[in-house]
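Anchor point for the sequence shown: position 72 equals 525 in this note's numbering, and the numbering is continuous, going up by one each time. The beta carbon of each residue, even a glycine, is placed where N, CA and C say it ideally should be. As the structure is a prediction and not an experimental result, all values here were calculated from the model.
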Amino acid sequence: MLNGLEPGGVWVYAEQGTDGIRPVVCELLGQAVRLAGELEQTVTAVLVGGTEEQAASLATCGADRILLAEVPDEALPDERTHTEVLERLAEKYQPAILLLGATAFGRSLAPRLAARLGTGLTADCTGLEIDPETGLLRQTRPAFGGNLMATIVCPERTPQMATVRPKVFPMPVPSLNREVRVIRERIDATEHCFEFLERLPSADETDIGAADVLVSIGQGIGGAENIALAEKLARRLGGTLSSSRPLVDSGVMPYVRQVGQTGKTVAPKLYLALGISGAIQHMAGVAAKTIVAVNTDPDAPIFGYAHYAIRCDCGSFLRALLEKD
Ligand SMILES: Cc1cc2nc3c(=O)[nH]c(=O)nc-3n(C[C@H](O)[C@H](O)[C@H](O)COP(=O)(O)OP(=O)(O)OC[C@H]3O[C@@H](n4cnc5c(N)ncnc54)[C@H](O)[C@@H]3O)c2cc1C
């Protein structure tokens, strides 16, 4: 045992965004608690350049230990610092499992780290289980364009690494007043080589993952006029406009608005799908409480997912609805 941290255990990388620790970290900690319970091991969150307060918030999500890596401030924004820190800590403490959020940062960090550690990585997992016989992590993810689910194990190397997209797993119920041990590690990351000047906001910073109401448009929406009506309806419902991938691929909508396997996973209270067929790759990202689908094709697959199916032209539907107060 090193610094009170036994080898093995389930680790979660506590990624920080501009607003603090990303919510996906807490979602992952919820799963880590379940997995570690089955393995009778502990849950450790790795925080690079964070504060005691942040460490405490990770404890409420289920972390038993916090590895707080202290790195020079100027090295913090560089992804290579995080790779180096995680590599050194993993080599020192030998975790059994390491989970990361499949955010833009995590998607770049995880494969780089897996290569450094000489281990396997399963990206975009939708299911994580412990095999009762082998104790290995069974990592399930959609494969072949979402047409089948593959369960992958990494039997020979550790840590067993997986990324999970935000909102795939629910937030755990916070557990207050938990005892947590903070282990500080000073790491003089050497690899950073760029200087962080300022953060420029992107043209569209909308977070469709945070919306309670999504009005989502697909190829059947028609032209710009109907898109403007859909946007108006979204505003009126206090919601946000999102879309299927073809509208993103054709440049009509920005990528941040894309729902689905290669876009965002969303879990709004209401998902109003306008002219979306309901392809499996799209629906892989929809975890809505209520789905309302508007489509002219009675056989559209989306009707198989919808709680309310409206067989109608999108434009007519939007105009009729917006006429109402
Ligand atoms: C590896 C991979 C990853 C992918 N990732 C994603 C992803 O993340 N997100 C995603 O969305 N897709 C993704 N796709 C693409 C996906 O397979 C579908 O092609 C896509 O979702 C279809 O988009 P759509 O429903 O807008 O278009 P379509 O499938 O063309 O459907 C249009 C629908 O509009 C209806 N319609 C037509 N006219 C009207 C009208 N006037 N009024 C009402 N309804 C009308 C039609 O009946 C039809 O059902 C991925 C594909 C692959 C292979």
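{"Asked": "Cβ-heavy atom distance, residue 707 to ligand 1, below 7 Å", "Found": "no"}
{"Asked": "Nonlocal neighbours in the same chain, by C-beta distance under 8 Å from residue 494, ignoring five residues either side", "Found": "459, 461, 462, 463 and 549"}
{"Asked": "Residue 636 (DSSP reduced to helix, strand or coil)", "Found": "strand"}
{"Asked": "Selected residue, minimal CA-CA separation from residue 642, among 534, 517 and 607", "Found": "534"}
{"Asked": "Distance CB(residue 551)-CB(residue 559) smaller than 8 Å", "Found": "no"}
{"Asked": "Those residues which DSSP pairs with residue 499 across a bridge", "Found": "466 and 520"}
{"Asked": "Simplified DSSP state of residue 768, which is helix, strand or coil", "Found": "helix"}
{"Asked": "Identity of the residue in 710, 688 and 612 nearest residue 655 by Cα", "Found": "710"}
{"Asked": "Whole beta strand (DSSP E) elements within the segment 543-631, 3-residue minimum", "Found": "550-554, 574-578, 580-583, 590-596, 601-605 and 613-617"}
{"Asked": "Per DSSP, cross-strand counterpart(s) of residue 711", "Found": "696"}
{"Asked": "Per-residue burial, residue 657 [other beta carbons within 10 Å of its own, 16 or more giving buried]", "Found": "exposed"}
{"Asked": "Contact check, residue 610 vs residue 573, beta carbons under 8 Å", "Found": "yes"}
{"Asked": "Strand pairing of residue 679, partner residues [DSSP]", "Found": "Partner(s): none; residue 679 has no beta bridge."}
{"Asked": "Complete runs of the beta strand (DSSP E) confined to the segment 720-769 [at least 3 residues]", "Found": "723-727, 743-748 and 761-764"}
{"Asked": "DSSP-derived helix/strand/coil call for residue 685", "Found": "helix"}
{"Asked": "Collapsed DSSP secondary structure at residue 668 in the structure displayed", "Found": "strand"}
{"Asked": "Alpha-carbon to alpha-carbon, residue 519 and residue 636", "Found": "6 Å"}
{"Asked": "The segment 593-602 contacting the segment 501-513, beta-carbon criterion three pairs below 8 Å", "Found": "no"}
{"Asked": "Local Cβ density within 10 Å of residue 733, reported as buried at 16 or more and exposed below that", "Found": "exposed"}
{"Asked": "The alpha helix (DSSP H) enclosing residue 476, as first and last residue numbers", "Found": "476-492"}
{"Asked": "The segment 698-705 in contact with the segment 663-680 per 3-pair CB rule at 8 Å", "Found": "yes"}
{"Asked": "Given residue 680 as reference, the closest of 502, 770, 640 and 589 once Cα atoms are compared", "Found": "770"}
{"Asked": "Whole-Å CB distance - residue 731 paired with residue 762, under 8 Å assumed", "Found": "Their Cβ separation, rounded to whole angstroms, is 11 Å, which puts residue 731 and residue 762 out of contact at 8 Å."}
{"Asked": "With 16 other Cβ atoms within 10 Å as the buried cut-off, status of residue 497", "Found": "buried"}
{"Asked": "Beta-carbon proximity list for residue 760, same chain, < 6 Å, skipping 5 on both sides", "Found": "743 and 744"}
{"Asked": "Limits of the alpha helix (DSSP H) - the one that residue 511 falls within", "Found": "505-513"}
{"Asked": "Member of 468, 667, 651 and 499 whose CA lies at the smallest distance from the CA of residue 527", "Found": "651"}
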